[in-house]
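Report on one structure; see the data block that follows.
Protein chains: 4
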Amino acid sequence: MNTLHVSSIVLTFSAPTSPEIISTTPFHFSLKLKTDRILRRKMDYVYAPGKNHLFVPGPVNIPEPVLRAMNRNNEDYRSPAIPALTKTLLEDVKKIFKSTTGTPFMIPTTGTGAWESALTNTLSPGDRIVSFLIGQFSLLWIDQQQRLNFNVDVVESEWGQGANLDVLESKLAEDGGHTIKAICIVHNETATGVTNDLSKVRFLLDKYKHPALLLVDGVSSICALDFRMDEWGVDVALTGSQKALSLPTGIGIICASPKALEASKTSTSVKVFFDWKDYLKFYKLGTYWPYTPSIQLLYGLRAALDLLFEEGIDNVIARHSRLGKATRLAVEAWGLKNCTQKEEWYSDTVTAVLVPSYIDSSEIVRRAWKRYNLSLGLGLNKVAGKVFRIGHLGNLNELQLLGCLAGVEMILKDVGYPIKLGSGVAAASAYLQNNIPLIPSRI
Amino acid sequence: MNTLHVSSIVLTFSAPTSPEIISTTPFHFSLKLKTDRILRRKMDYVYAPGKNHLFVPGPVNIPEPVLRAMNRNNEDYRSPAIPALTKTLLEDVKKIFKSTTGTPFMIPTTGTGAWESALTNTLSPGDRIVSFLIGQFSLLWIDQQQRLNFNVDVVESEWGQGANLDVLESKLAEDGGHTIKAICIVHNETATGVTNDLSKVRFLLDKYKHPALLLVDGVSSICALDFRMDEWGVDVALTGSQKALSLPTGIGIICASPKALEASKTSTSVKVFFDWKDYLKFYKLGTYWPYTPSIQLLYGLRAALDLLFEEGIDNVIARHSRLGKATRLAVEAWGLKNCTQKEEWYSDTVTAVLVPSYIDSSEIVRRAWKRYNLSLGLGLNKVAGKVFRIGHLGNLNELQLLGCLAGVEMILKDVGYPIKLGSGVAAASAYLQNNIPLIPSRI
Amino acid sequence: MNTLHVSSIVLTFSAPTSPEIISTTPFHFSLKLKTDRILRRKMDYVYAPGKNHLFVPGPVNIPEPVLRAMNRNNEDYRSPAIPALTKTLLEDVKKIFKSTTGTPFMIPTTGTGAWESALTNTLSPGDRIVSFLIGQFSLLWIDQQQRLNFNVDVVESEWGQGANLDVLESKLAEDGGHTIKAICIVHNETATGVTNDLSKVRFLLDKYKHPALLLVDGVSSICALDFRMDEWGVDVALTGSQKALSLPTGIGIICASPKALEASKTSTSVKVFFDWKDYLKFYKLGTYWPYTPSIQLLYGLRAALDLLFEEGIDNVIARHSRLGKATRLAVEAWGLKNCTQKEEWYSDTVTAVLVPSYIDSSEIVRRAWKRYNLSLGLGLNKVAGKVFRIGHLGNLNELQLLGCLAGVEMILKDVGYPIKLGSGVAAASAYLQNNIPLIPSRI
Amino acid sequence: MNTLHVSSIVLTFSAPTSPEIISTTPFHFSLKLKTDRILRRKMDYVYAPGKNHLFVPGPVNIPEPVLRAMNRNNEDYRSPAIPALTKTLLEDVKKIFKSTTGTPFMIPTTGTGAWESALTNTLSPGDRIVSFLIGQFSLLWIDQQQRLNFNVDVVESEWGQGANLDVLESKLAEDGGHTIKAICIVHNETATGVTNDLSKVRFLLDKYKHPALLLVDGVSSICALDFRMDEWGVDVALTGSQKALSLPTGIGIICASPKALEASKTSTSVKVFFDWKDYLKFYKLGTYWPYTPSIQLLYGLRAALDLLFEEGIDNVIARHSRLGKATRLAVEAWGLKNCTQKEEWYSDTVTAVLVPSYIDSSEIVRRAWKRYNLSLGLGLNKVAGKVFRIGHLGNLNELQLLGCLAGVEMILKDVGYPIKLGSGVAAASAYLQNNIPLIPSRI
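Residue numbers (my numbering), protein chains in the order written: chain A, 3 to 445; chain B, 3 to 445; chain C, 3 to 445; chain D, 3 to 445.
Okay, here's the thing in structure tokens:
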């Protein structure tokens, strides 16, 4: 029917429940509608004028050329067009991993599925792996590893610290028998804004001539942070389309080293959907797809890669470095602490900001959305209520970030923090004004 | 750089290799480019004037309102908007299954992943299941069942026939000990255009008071053929977004009966990404998503459901019935045989047409694409070269179908079949002219 | 508020009022809503499943790549980007006129505005012009010429006939004093499907060494019919973006010969918005726009031209020739008459079909829309109720046309015409099957 | 061919030529490409990462829901759907003028065409009108008035000042014979950021019981500034779709009072395309369109009005007031002068900022675009090189503005102005933090 009666809408924000460390539950902030029927017709019922300022660390802003590329009808994926397109994607997607020897897989799934694909193709149930718990996403990955029946040595750090590589070194040193089959590490922990040093992991593996596979979650790093798959000897690296690639969610992108491919031949983990073998078979046939891909995401990925290559991957990384540095300078100017405890772990894709104990950080996130059309990241699990997060990854420029920072300043004032308005923007822009390059296409 | 040198493009069509019955490989028709670099910039390099006539049985045509709904930037999926939207989707998506008691899951995956989710959540390794091999897609599902370590009784029929329910009856009759844990059946075999009678399966299970779960692949049936989850006692039903829902690929939609949910509590199959428990936990929290969904597909699904409900699910089914009947009348008028051997199995979503032995059906598909901008379905595996398929599902109307049928007539003439041009169109339109209803919104 | 009460919707179709020959009113078919408020939220309230089959002679189907190109935010039109884009458009748009010496103007207006621009820039009030009345659109142009205070010799033909060039010859022969300042002629009269022979007009002007300007309405011809501005000595030619260019309405595209430009220097007609001088001034400055253009249409035009050039203008013309011929063969097979009285005038962009006197052609158009989601052209003015029109121009292919023809057959049966279903499709496809070329990008 | 050789691209920015007061030429900043051919394929050749920050005073940012509404194929505008849609638009568009008695016209043209329509429908050649020259756009309108053969009393003010209403009063006082037929006034002069007091004009007309028509250019005011057509006795008001309505360019929207309609009956100005009579005839017929409208813009306008009404016109005006005030506070904090000389004329849609004489304001605009992906408005004509303009109208929110202001600060530093970074943002956000309301849909 075309009759919609809506007498009123009530939004209530649930207070964050006190989280348990063992919880694997990410948090949301929710609303209740007296009647949900209104939504059936009204696509944008939380409309606010102007752009939504999207500063969660994923999904991120999609550039207009990518939206355009995806604005299309379905196609027969068995026609010659899609394999030809796929071929270029497989060749080019390796560049975001800085790999020439790897084999990529573009699986219709999310980061969680990409994790599962990485693990189940290279390892067998009961295999011993070393995994670092440093925040919510490493926690969730470890939870998956355990549920997939691997034997996980969890190396825990305080949230805000990086992976404890001293413990890794001890374990490697003690493991003359090579019982450790894989090291699993999140390159950039999205919950705390901590970037781990992968080259050091490789150094340790080499130092002890340890053959363990190196499996890396690059979900919030690849295409944004310096990532060198071949140079660092990463065996499986993975990311998701909705992160720095700036696409919608829907492709889990994995790159496997020759050693990982070799390992996949003997892995006894049960899998079908995530099985690389099916992909490899279709790669050989030149048809590429064991099941139906999203036509729209393939064209979108083509456009996304074209934009990244036009900008230059290293320039993309430099841009993220500017955005990260500028954000940290603002946080410092505000007199707030970065959740990340040491400079060596600072993340250029997300900054988790600690708030004073008298402020509930979730209130900052709610207020950002309710008053400023600004989307910030919640503190998750152990740091819920204690940090809010500014995601600064993907298709984003400096003026967008400064608008966000100006917004955060007003929100901090809203919630009673004694901020000097403009202080963070001043600090950030002092740095940026010295460092932003001219736009090459416009010089 | 902006320099593209392309000296020439050569497309070659690989002849279909003679397929083995045991092969689980769907076929494509492929092309080779002397250089693929051209594709990097040229999104539509196989451009042809006018609309592409998309008559493969999926992915299917996306209606304009759905394309519009998906033409949007990413959003924070943890804000109140997405859970509120998701809530309406979960309520409404049950209607396409005709279920009030089921629990739906909208998993970011394809039909293959939905299959895996259905199996691994309800069954345990070694469980005995009965599964019907009647075509390429039931073959692929059986292959998955075996690789997931279930103990499969494969009940094979000749391709073109429906599931052999006599064999099922025998097995049920003999299974007083209830060793059979599940019956797995494809409602509509997309490779041969065969629709199985699910009510009869239920009848047999009831007759023998057999507690086996009934797991149904409704990928090319749900939203197009009459499907009654609750009435037929289906325990798990599943479809994919790119089929009759007329969306892009990317959501595997599953509906689980209370009995299936109960079974999931004791299933010991290893899974994480596909684990319903994670969804159920987040359903309780009211945040719905254990990992990042595609914002675009959620809004697209909302629009797709709205269109289906506006038309009326039963009217949608009636429309598919008209399209199917009209297609079969055309095939008959052409003097060709339907691959489906009996009327009781005729599919209203796809028609597989047998060609005379002196014609290679793949040539028909190639020619359709190369000359008429028409996408038809290849014959797969056992029937490769022997049938071509006309998909008539999803957002499609009668004049679109008649354009396709007129195209098929010309192609048949192209390949040397002695067709009377116009004959199929005449037969189809004689039927349609008597049966097309007025468009309700325009009366 | 979000409350929409809609108790019911009633659509009524008004019978076409009997039209007067002198009327300059195009006709529509209309509907009444008990309440219009429903429309405020419901964008697609006359939704019907599947594609709308758009066979009016404009606006026509927009190709997907053009829709994509236009799917974009506004931009500053004073930045370097828009002039650079405009420069390529001005160069390339001349090719659709087959002119190298002409000067193009892309005015933010419709065809009616383009008419006005052509007249007011080259002529002065009181100037004598010869103009041919052969249908509704030439009638409307003549009406405009008279209201703009030109002294019009109206040369009328029966509707269904072409311009009477014998009368033109007499007038030229008698006009030794060159009082005739311009010949105004519609290349293709959209109301009756009549194409005039422009080369003959040029021949006559040359024969009598007459300096009159030749002003041509190419609205439904340019980019679809053979049009040779330079060769035929056309002084002003014009079209609209929503016709064979297959864009939305919004750009009136004009090309002026050097002689027309020269004439514009002395024209005393009052105009500002349509004044070419403003454009010429900005062309010199290299900024091109005297007022704000539509950013979206500029990018859309770029994409539309790219597609036309990729296909090849001559191939585009050949495609329209096929579509026109096929349509006429169908009409003949149905036993109906073409409104166009002689073969020499047959139009390849629109066919006006005469119906028997016992049928109201408007009922055919209504029924097409109400039952088949098919949009046909009404008979206008003198031929209202007597003809319906099939537009076959723009981004359209053969199978689309055959779907339309199959639809027309069913409608003819609906309204009581004794048609043999399939007969028109058979005739059309017999021709097409012999003449459709392979798609070059897919060979 | 698919071969593009581009050896290099050189962009050069032309220095602004010293403008003459009498010039009616708006300025652009231009670039030259060694070869333009690159543009033929590359739609976004001046790509820069992240959003373009569009702060010219038109065309402005289009909201996503409007882009979605316009993302559609053409339709038959003679079907019942388009008149029904048009009817709602004509009713609703009056609300943006705050008129219940006016008659709206939505003409496929730009603001320049809307000007012409206002003048030629209500006045006759030779008619005396009073017109105020206060900046580039009033200059251009006066130029048009003169070229259309009206007898214009030009009342000039220094650029930066409002209309000199004292002179108007004198003229009205002296005009007992009512030789003045119309007062033409720009509500908001976009070149200088000056808003005129229309209520005072009405007061003077009433005081002297003068029957002159009041014609108002509301191009950069309507939908953004307080505008009261009926209350202020405005006879013709007009705007363009690409301004505060936040659509693409393409509709000139005019509202005519009953008195203006009456005047149109006797106007002898020559016009056809812009003639209101044609519209009025089709309004009566219920078909609304004398020539083809843009289907996309009609649906876009529907969506744009829906968004404006959802926000509430008065809330929209309040939002612009906030944006204007915040911008002026920033300018003040920077130690720069507003081009607008008195507070009573401050514009809430555009701020023209005077730069010190040692800075060329065009360099600020160039730098904004080349380094920060920020589009600012140039100084035009008399103020070229002396001011740059920040447009703050249309679908825009506070954080977007703050990002722009932060960008302007960096640019000012770039060009050698001794700015304290953060100072303007601090001043603006201090005000905004006190005044931004919660977003109603999210409370």
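Cβ coordinates follow ideal geometry from the N, Cα and C atoms, glycine included.
Being a predicted model, the structure only gives us computed values, none of them experimental.
For residue i, which residues from the same chain have a beta carbon less than 7 Å from its beta carbon, with the 5 sequence-adjacent residues on both sides left out?
i, result
"asparagine 437(B)", "Arg324"
"proline 110(D)", "Gly252, Ile253, Pro295, Ser296"
"proline 85(A)", "Gly288, Thr289, Tyr290"
Considering only residues of the same chain and omitting the five flanking positions on each side of residue i, which have a CB-CB separation below 8 Å?
i, result
"glutamine 148(D)", "Val154"
"leucine 303(D)", "Leu91, Val95, Met108, Ser243, Leu247, Leu249, Ile253"
"lysine 344(C)", "Gln163, Gly164"
"leucine 454(B)", "Because chain B is modelled from 3 through 445, residue 454(B) falls outside the range shown and cannot be assessed."
"valine 389(D)", "Thr194, Cys341, Ala354, Val355, Leu356, Val357, Ser363, Gly381"
"alanine 175(A)", "Tyr210"
Starting from residue i, follow the beta strand (DSSP E) in both directions and report where the run begins and ends.
i, result
"alanine 354(D)", "352-356"
"arginine 130(D)", "130-135"
"aspartate 219(A)", "215-219"
"lysine 183(A)", "182-188"
Label residue i either buried or exposed according to how many other C-beta atoms from any shown protein chain fall within 10 Å of its C-beta, with 16 as the threshold for buried.
i, result
"leucine 440(D)", "exposed"
"aspartate 208(C)", "exposed"
"serine 201(B)", "exposed"
"aspartate 129(B)", "buried"
"lysine 36(D)", "With a pLDDT of only 35 at lysine 36(D), under 50, the local geometry of the prediction cannot be trusted, and the value read off the model is given with reservation. Lysine 36(D) is exposed by the Cβ-count criterion."
Grab me the residues of residue i's own chain with a C-beta within less than 6 Å of its C-beta, minus the 5 sequence neighbours each way, in chain order.
i, result
"isoleucine 23(C)", "Residue placement at isoleucine 23(C) is flagged as unreliable, the pLDDT there being 38, under the threshold of 50; a coordinate-derived value is accordingly withheld."
"leucine 414(B)", "Ile421"
"valine 221(D)", "Gly113, Thr241, Gly242, Lys245"
"alanine 335(C)", "Ser425, Gly426, Ala429"
Which residues mark the beginning and the end of the alpha helix (DSSP H) in which residue i is found?
i, result
"proline 260(A)", "260-266"
"arginine 204(B)", "200-209"
"valine 154(B)", "Taken as a continuous stretch (DSSP letters only), valine 154(B) belongs to no alpha helix (DSSP H), being part of the beta strand (DSSP E) at 153-158."
Below 7 Å between beta carbons: does that hold for residue i and residue j?
i, j, result
"alanine 328(B)", "tyrosine 433(B)", "yes"
"valine 427(C)", "arginine 391(C)", "no"
"proline 355(A)", "leucine 331(A)", "Here residue 355(A) is valine; the residue named in the question, proline, does not match the sequence. No, these two residues do not count as a Cβ contact at 7 Å."
"glutamate 237(C)", "serine 271(C)", "Reading the sequence as shown, one finds aspartate at residue 237(C) and not glutamate. No."
"proline 51(C)", "asparagine 76(D)", "no"
"lysine 372(C)", "glutamine 402(B)", "no"
Contact residues within the stretch 369-398 of chain A, judged by C-beta distance below 7 Å to chain B: Cβ contacts with chain B come from Trp371, Ser377, Leu380.
If you measure beta-carbon to beta-carbon, which residues of the stretch 65-79 of chain A are closer than 8 Å to chain C? Close to chain C, meaning a Cβ-Cβ distance shorter than 8 Å, are the following residues of the stretch 65-79 of chain A: Glu66, Leu69, Arg70, Ala71, Asn73, Arg74, Asn75.
Interface positions of the stretch 287-301 of chain B facing chain A (Cβ-Cβ less than 9 Å), listed along the chain: Listed by position, the residues of the stretch 287-301 of chain B near chain A (Cβ gap below 9 Å) are Leu287, Gly288, Thr289, Tyr290, Trp291, Pro292, Tyr293, Thr294, Pro295, Ser296, Ile297, Gln298, Leu299, Tyr301.
Give the residues from the stretch 148-181 of chain A that approach chain B closer than 8 Å (Cβ to any Cβ), ordered along the chain. Result list: Arg149, Leu150, Asn151.
Short of 9 Å Cβ to Cβ, which residues in the stretch 405-423 of chain C face chain B? The stretch 405-423 of chain C vs chain B, Cβ under 9 Å: Gly405, Cys406, Leu407, Ala408, Gly409, Glu411, Met412, Ile413, Lys415, Asp416, Lys422, Leu423.
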